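Residue numbers (the numbering used here): 1133 to 1369. See structure below.
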Ligand SMILES: [Zn+2]
C-alpha cells in the first residue's frame, strides 16, 4: 500500500482534524480544532515543529488538553519538548494530560519535568489518569475514552504483554471523530467507530499475521466502512 500523504486533513462544520504523521515506530501527531479551541492527541516526535507551522506560538500556548492513547515512543516522544516549550514561552493557563491508568511513561515524564524545572514552571499541569473510561467534557468537546487491546514485544522478540491503551471519541456539537490509537481488532473500537463522522484507524499489521498488537488493513477497512468516513494511519512503508 502506498504511504498516505501527511498531513491528513478532514473537517465538518467547525470541527477539524489534522494528522501530521502516523508511522509505526517513527511518530504520530494529531491536532483537533473544535470551534476556537485546539486539542492535541498523541504528541510524538516532531509535534512542536508541526504545531508551530500550523498554528504558531500563541495558539500553542492556548492548548488546554493533551490526550495520550498509550505510552509508546511514537505517541509520546514529543511530550517533554512540548512541556518545556510551554514553560519557555511562559504559558499561564493550565494544561491537562489525559492518559490511561498504568501509563508509566507519562507519569515519569511529568515527574522528571517537575523535578528539573520545579521553580520555573509558569503554568499548572493536571495529570488526568483514566481508570474506568467514562465520558467527560473539556472546553466545548465531549470526550469518551474506551479501552483497546495493544500488546508489545518483550526483549526476547517473541513474548508479548498488553500495555495500557485507550481510544478516544471526540464530539463537538453533533460531529463525532473516533480515534482508536494503536490497537488490535476489538469490540470497543468496533462499537465506537460505528456511525462516527470520521474514524481514524491504524493498519499497522501484515495481512498474513494478525495479532494482538495492530490491525491489518482489511480489519481496519471493515471498521472504517461502518463510519461515515475514515482514515487509515500507522501504515508501514
Ligand atoms: Zn504502540
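For each residue, glycine too, the CB sits at the ideal point set by N, CA and C. Since this is a predicted model, take the numbers as computed values, not measurements.
- Contact between residue 1201 and residue 1313 holds: CB atoms are separated by about 3 Å, below the 8 Å threshold.
- Cβ-Cβ distances below 6 Å link residue 1231 to 1200 and 1238 in the same chain, with the five nearest sequence neighbours on each side left out; the list follows chain order.
- For secondary structure counted as the beta strand (DSSP E) over 3 or more consecutive residues, the segment 1205-1247 holds these complete runs in sequence order: 1227-1232.
- Between the segment 1359-1367 and the segment 1327-1335, the count of C-beta pairs closer than 8 Å reaches three or more; the two stretches touch.
- With 6 Å as the limit, the residues whose C-beta approaches a heavy atom of ligand 1 more closely than that are 1202, 1204, 1282 and 1314, in chain order.
- In the DSSP annotation of this structure, the continuous segment of the beta strand (DSSP E) that includes residue 1299 starts and ends at 1298-1304.
- In the structure shown, the three-state DSSP call for residue 1352 is helix.
- Residue 1317 is positioned such that its CB atom lies no closer than 7 Å to that of residue 1345.
- Sorting 1186, 1163, 1223 and 1304 by C-alpha distance to the C-alpha of residue 1270 places 1304 at the top.
- By the neighbour-count definition (other C-beta atoms within 10 Å, threshold 16), residue 1203 is a buried residue.
- Sequence-distant partners of residue 1150 (beyond 5 residues in either direction) whose C-beta falls short of 6 Å from its own C-beta, in its chain, are 1139, 1141 and 1163.
- Just so you know, the alpha carbons of residue 1367 and residue 1293 end up roughly 22 Å apart.
- Beta-carbon to beta-carbon, residue 1192 and residue 1185 are separated by about 11 Å, too far to satisfy the 8 Å threshold.
- Secondary structure of residue 1313 (DSSP, three-state): coil.
- If you compare the alpha carbons of 1323, 1286, 1288 and 1289 with that of residue 1299, the shortest gap goes to 1323.
- DSSP, read as helix, strand or coil, puts residue 1266 in coil.
- Bounds of the beta strand (DSSP E) holding residue 1162 are 1159-1166.
- Listed in chain order, the non-local C-beta contacts of residue 1158 below 8 Å within the same chain comprise 1176, 1177 and 1206, local neighbours out to five positions each way being set aside.
- The beta carbon of residue 1221 sits closer than 8 Å to those of 1189, 1192 and 1193, all from its chain and outside the five residues before and after it, given in chain order.
- Under a 10 Å Cβ-count criterion, residue 1226 is classified as exposed, with fewer than 16 other Cβ atoms of the shown protein chains found around its own Cβ.
- For residue 1215, same chain residues with a beta-carbon under 6 Å away, outside a window of 5 residues either side, are 1245 in chain order.
- Judged by beta-carbon spacing, residue 1213 lies within the 7 Å limit of residue 1180, meaning their Cβ atoms are closer than that value.
- The C-alpha of residue 1167 is placed about 35 Å away from the C-alpha of residue 1251.
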